[in-house]
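Visitor: Dumping the structure here so I can ask a few things about it.
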Amino acid sequence: MSEHTLAVSDSSFDADVLKASGLVLVDFWAEWCGPCKMIGPALEEIGKDMQGKVTVAKVNIDDNPVTPNTYGVRSIPTLMLVRDGKVVDTKVGALPKSQLKAWVEGAL
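This is how it looks when you write it as structure tokens:
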């Protein structure tokens, strides 16, 4: 991914997301998804701007089908906020950076 986002796989989801300290924003996405590509740069900026407050984790659903199925992901992008191993909120669809950032800040 990049220095501000973390690529997460089915095998690393438990350690990287569920056992992470602090808030984790999980982005379920795919290469072929136009809206996913639209919000990619905004998530990157949120990862940079809120470093130390939130971890932005990205799960490619094509390469990692188990985790999206476990969490009932039916369409992408699906964004989940996870704290202490529990999903605290979910958004489906592309949102502007301002709304994404406000959503994350509301969960801190």
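Per the numbering used here: the sequence shown = residues 10 to 117.
We put the beta carbon where it would ideally sit given N, CA and C, even for glycine.
1. Which residues does DSSP list as the beta-bridge partners of M89?
2. Using a 10 Å radius around the Cβ and a threshold of 16 neighbouring Cβ atoms, would you call W38 buried or exposed?
3. By Cβ distance, which residues of its chain are closer than 8 Å to D72, with the 5 residues on each side in sequence left out?
4. Where do the N-terminal and C-terminal ends of the alpha helix (DSSP H) with N78 fall, by residue?
5. Quick one: give me the first and last residue of the alpha helix (DSSP H) that V113 is part of.
6. Beta-carbon within less than 7 Å of S11's beta-carbon, same chain only, minus the 5 sequence neighbours each way: which residues are those?
7. Could you have a look at V63 and say whether DSSP puts it in helix, strand or coil?
Guide: This is what the structure holds:
1. Here residue 89 refers to the residue found at position 80 of the sequence shown. DSSP, once it has assigned bridges, lists V35 and T99 as partnering M89.
2. Position 29 of the sequence shown holds residue 38. The residue in question, W38, is buried, as its Cβ has 16 or more Cβ neighbours within 10 Å.
3. For the purposes of this step, residue 72 is taken as residue 63 along the sequence shown, with counting starting at 1. Within the same chain, D72 has close Cβ partners S18.
4. Sequence index remark: in the sequence shown, residue 78 carries index 69 (1-based). That run of the alpha helix (DSSP H) goes V75 to T79.
5. For the purposes of this step, residue 113 is taken as the residue at position 104 of the sequence shown. That run of the alpha helix (DSSP H) goes K106 to A116.
6. Taking the sequence shown and counting its residues from 1, the one referred to as residue 11 is at position 2. Excluding positions up to five away in sequence, the list reads E53.
7. By one-based count along the sequence shown, residue 63 stands at place 54. V63: strand per DSSP, three-state reduction.
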